[in-house]
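Quick notes on the structure that follows.
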Amino acid sequence: MQLTTARQAIHDAYATHLTSKGLEANFRAEAKKPDFAKYLRTVHRCKEETREALLEEFSPVGFYAEDTSQKLDTNSMICHAVEAGMIISAVERLDDPFKAWVKWAYGPRTEEFLPEQGRFFRWLDNDVTENFASIDRVYREVTKEKIRDVVAYTVLNYRSFVISGRELYPKNLIINRCKIHRCNWKRDFETWHDYYWNLCDHYLDRLGLPTVASVVLRLKYGKER
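Next comes the structure, spelled out in structure tokens:
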């Protein structure tokens, strides 16, 4: 396993776990660009039970630029499995939304992960709804739908940026994808975009990653002795 960062360790740990179960993990960092705005518009028009099922179907992207497979000797496989178990144990002890976040954001892209990863988008959807209810401003329904789309694109963009350093959905693209009039961006949408970018950075990552990072440091320094 690569013990470089907590994010990388989460990916490698779950990939190792899946591989050990005979499942094939698909490692790709070059993200496909799903029309997630259209997807969310469809989802949020559905009844609650249908919406949850659809959200679980959304497949995020993984870490690597290409599929990788290496034959490991038995000792290495055992060592990697032990390390993976320690990382996974740290993740599974997290409370939600942090557990759901790190598994969606940094776990491998596999069908096996979709139900777990869907949990994060259900939480995100509920958080946006709660924020609508907590503010004095009343939005039209069509504006609410676009705000949800902006939030989803923002989270996807943050994930891409921290993993690859590349913005998958910069603001101009979000505006175009969501068919927002540019003169309305600052008034209706920019605050939501900035709030959820900072939420990912200063709340979800800041409180979700340190526990895993401490395990990574113990494993890394243990190897170097």
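Using my numbering, read the sequence shown as starting at 1410 and increasing by one per residue. No residue lacks a Cβ here, since even glycine has one placed at the ideal position from N, Cα and C. It should be emphasised that the depicted structure is a prediction, and the values quoted were computed from it without experimental measurement.
- The three-state reading of DSSP puts R1528 in helix, counting H, G and I together.
- Judged by DSSP in its simplified three-state form, R1502 adopts coil rather than helix or strand.
- Between the beta-carbon of F1598 and that of V1559 there is about 5 angstroms, and that keeps the pair under the 8 angstroms contact cut.
- Here the alpha carbon of G1574 sits roughly 9 angstroms from the alpha carbon of R1568.
- A check of alpha carbon separations from A1514 across H1611, T1620, T1413 and I1419 identifies I1419 as the nearest.
- For a cut-off of 8 angstroms, the C-beta gap from Y1578 to N1566 is around 4 angstroms, short enough to register as a contact.
- Straight-line measurement puts the Cα of A1493 at about 12 angstroms from the Cα of E1501.
- Per DSSP, V1547 lies in no alpha helix (DSSP H) segment and is marked neither H nor E.
- Secondary structure at Y1605: helix, using DSSP grouped into helix, strand and coil.
- Put simply, of F1507, P1517 and G1631 the residue whose alpha carbon is nearest the alpha carbon of L1427 is P1517.
- Leaving aside the five residues that flank V1537 on each side, the residues in its chain whose CB is nearer than 6 angstroms to its CB run, in chain order, R1557 and V1560.
- Straight-line spacing of the CA atoms in R1591 and N1607 works out to 22 angstroms.
- Beyond the five residues adjoining it in sequence on each side, E1576 comes within less than 8 angstroms, by CB distance, of N1566, S1569 and F1570 in the same chain, given in chain order.
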